[in-house]
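Engineer:
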Amino acid sequence: MNFLEERIGKDGIVREGNVLKVDSFLNHQMDIRLFEQMGEEWKRRFAGRSINKILTIEASGIGIACIAAQYFDVPVVFAKKSKSINIAGDVYVAEVESFTHKNVNQVIVSRDFLGPEDRVLIIDDFLANGCALQGLISIVEQAGGIVEGIGIAVEKGFQNGGKMIRDMGYQLESLAIVDAMDPQTGKIIFRE
Ligand code: 5GP
Numbered sequence: 252m253n254f255l256e257e258r259i260g261k262d263g264i265v266r267e268g269n270v271l272k273v274d275s276f277l278n279h280q281m282d283i284r285l286f287e288q289m290g291e292e293w294k295r296r297f298a299g300r301s302i303n304k305i306l307t308i309e310a311s312g313i314g315i316a317c318i319a320a321q322y323f324d325v326p327v328v329f330a331k332k333s334k335s336i337n338i339a340g341d342v343y344v345a346e347v348e349s350f351t352h353k354n355v356n357q358v359i360v361s362r363d364f365l366g367p368e369d370r371v372l373i374i375d376d377f378l379a380n381g382c383a384l385q386g387l388i389s390i391v392e393q394a395g396g397i398v399e400g401i402g403i404a405v406e407k408g409f410q411n412g413g414k415m416i417r418d419m420g421y422q423l424e425s426l427a428i429v430d431a432m433d434p435q436t437g438k439i440i441f442r443e
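Using my numbering, read the sequence shown as starting at 252 and increasing by one per residue.
1) Short check: CB of Arg362 to CB of Gly408, under 8 Å?
2) Assuming Gly366 and Ala320 form a contact by the criterion Cβ under 8 Å, report the distance between their Cβ atoms to the nearest whole angstrom.
3) According to DSSP, is Glu267 part of a helix, a strand, or is it coil?
4) Roughly how many angstroms lie between the CA atoms of Lys444 and Gln357, to the nearest whole one?
5) Under 7 Å from any heavy atom of the ligand 5GP, does the C-beta of Cys317 make it?
6) Since Leu255 is in the alpha helix (DSSP H), which residue starts that stretch and which ends it?
7) Do Ala330 and the ligand 5GP come close, with the Cβ less than 7 Å from some heavy atom?
8) Just verifying my parser: in three-state terms, what is the DSSP assignment at Phe329?
9) Helix, strand or coil: which one does DSSP assign to Ser301?
10) For Gln357, name the three-state secondary structure that DSSP assigns.
11) Under the criterion of a Cβ to heavy atom distance below 7 Å, does Ala404 qualify as lining the ligand 5GP?
12) Would you check whether the ligand 5GP has a heavy atom nearer than 7 Å to the C-beta of Leu306?
13) Straight-line CA distance for Gly314 to Met432?
14) Considering only DSSP beta bridges, list what Asp418 is partnered with.
15) Who pairs with Tyr343 in a beta bridge, going by DSSP?
16) On the three-state DSSP scale, how would you describe Lys272?
17) Is Leu378 near the ligand 5GP, judged by its Cβ being under 7 Å from some heavy atom?
18) Considering only residues of the same chain and omitting the five flanking positions on each side of Ile440, which have a CB-CB separation below 8 Å?
19) If you reduce the DSSP assignment to three classes, tell me which class Ser311 lands in.
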């Protein structure tokens with residue numbers, strides 16, 4: 252078991268509806284030493300990649316992306332969730348259905364902060380069905396940039412996002428992959 256799997260096993264709470272709560276160290280209270288270990292590990296896994304920007308999505312991705320960015324020494328841009336339908340033309344837009352809130356948000360990134368010169372590492376906390384990642388990939392494509400890789404803290408391997416993203420050919424590095432979890436017993440099984 253790696254450091255993140257151990258922490259999830261110790262402090263993660265399995266909820267009904269395929270939701271894993273990690274509020275005590277990742278999604279509400281944040282363990283910055285743990286985030287540093289995550290940043291170091293992504294830096295190691297993406298060592299061969301030329302990355303000049305990190306892109307994430309508000310809100311939960313921002314903390315881990317900022318700490319990871321210290322290891323890559325690059326700026327972080329986060330996609331903002333916007334309810335407005337009258338979005339001006341100076342932004343890239345994608346639609347993202349929220350797994351946890353079951354609503355659809357438009358997410359936007361200003362054209363000022365992403366362009367064809369950008370080689371992007373996308374970072375997010377969870378990967379479930381892959382909607383958030385598809386939106387972020389679409390934004391990089393609209394900008395004419397290149398997705399160099401995708402770093403995820405917790406992938407729920409029993410949902411289809413991971414397979415979809417790997418089948419698209421991206422280097423996806425999830426630091427913990429949950430293959431099964433049981434809300435009755437609280438048991439969590441990680442991929443070897
Ligand atoms: P996807 O778009 O891949 O279906 O879902 C990913 C997004 O939904 C992540 O950005 C994350 O915020 C949220 N999410 C999905 N599943 C879980 C989960 O089991 N626990 C938590 N805390 N967030 C989740």
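Yeah, the Cβ is synthetic: ideal placement off N, Cα and C, and Gly gets one too.
On a predicted model such as this, the values are computed, not experimentally measured, just so you know.
Structural biologist: Short version:
1) On the sequence shown, position 111 is the one that residue 362 refers to. On the sequence shown, position 157 is the one that residue 408 refers to. In this structure, Gly408 does not lie closer than 8 Å to Arg362 by Cβ.
2) Counting from one through the sequence shown, the residue named residue 366 turns up at place 115. Counting from one through the sequence shown, the residue named residue 320 turns up at place 69. Actually they are not in contact, since the Cβ atoms of Gly366 and Ala320 sit about 18 Å apart, beyond 8 Å.
3) The count along the sequence shown starts at 1 and reaches residue 267 at position 16. Of the three classes helix, strand and coil, the one that applies to Glu267 here is coil, per DSSP.
4) Since the displayed the chain opens at 252 and closes at 443, residue 444 lies outside it and no answer follows.
5) In the sequence shown, the residue the question calls residue 317 occupies position 66. Because no heavy atom of the ligand 5GP lies under 7 Å away, the Cβ of Cys317 does not count as near it: no.
6) Stepping through the sequence shown from its first residue, residue 255 is reached at position 4. Note, Leu255: alpha helix (DSSP H), Phe254 to Asp262.
7) Counted from its first residue, the sequence shown places residue 330 at position 79. No; taking the cut-off as 7 Å, the Cβ of Ala330 has no heavy atom of the ligand 5GP nearer than that.
8) Residue numbering aside, residue 329 sits at position 78 when the sequence shown is read from its first letter. Looking at Phe329 - three-state DSSP - the assignment turns out to be strand.
9) Mapped onto the sequence shown, residue 301 falls at position 50. Coil at Ser301, not helix or strand.
10) Indexing the sequence shown from 1 puts residue 357 at position 106. Of the three classes helix, strand and coil, the one that applies to Gln357 here is strand, per DSSP.
11) In the sequence shown, the residue the question calls residue 404 occupies position 153. No, the ligand 5GP has no heavy atom inside 7 Å of this Cβ.
12) Locating residue 306 in the sequence shown gives position 55, counting from the first residue. No, the Cβ of Leu306 stays beyond 7 Å of every heavy atom of the ligand 5GP.
13) Sequence index remark: in the sequence shown, residue 314 carries index 63 (1-based). Sequence index remark: in the sequence shown, residue 432 carries index 181 (1-based). So the alpha carbons of these two residues sit roughly 25 Å apart.
14) For the purposes of this step, residue 418 is identified with residue 167 of the sequence shown, where counting begins at 1. Answer is none; Asp418 lacks a bridge partner.
15) Indexing the sequence shown from 1 puts residue 343 at position 92. DSSP, once it has assigned bridges, lists Val360 as partnering Tyr343.
16) Position 21 of the sequence shown, counting from 1, holds the residue named residue 272. Residue state, collapsed to three classes: strand.
17) Walking along the sequence shown from the start, residue 378 turns up at place 127. Correct: Leu378 has its Cβ closer than 7 Å to the ligand 5GP.
18) Residue 440 sits at position 189 when you count from the first residue of the sequence shown. Around Ile440: Val429, Asp430, Ala431 and Met432.
19) If you number the sequence shown from 1, residue 311 lands on position 60. In the structure shown, Ser311 sits in a helix (DSSP, three-state: H, G or I).
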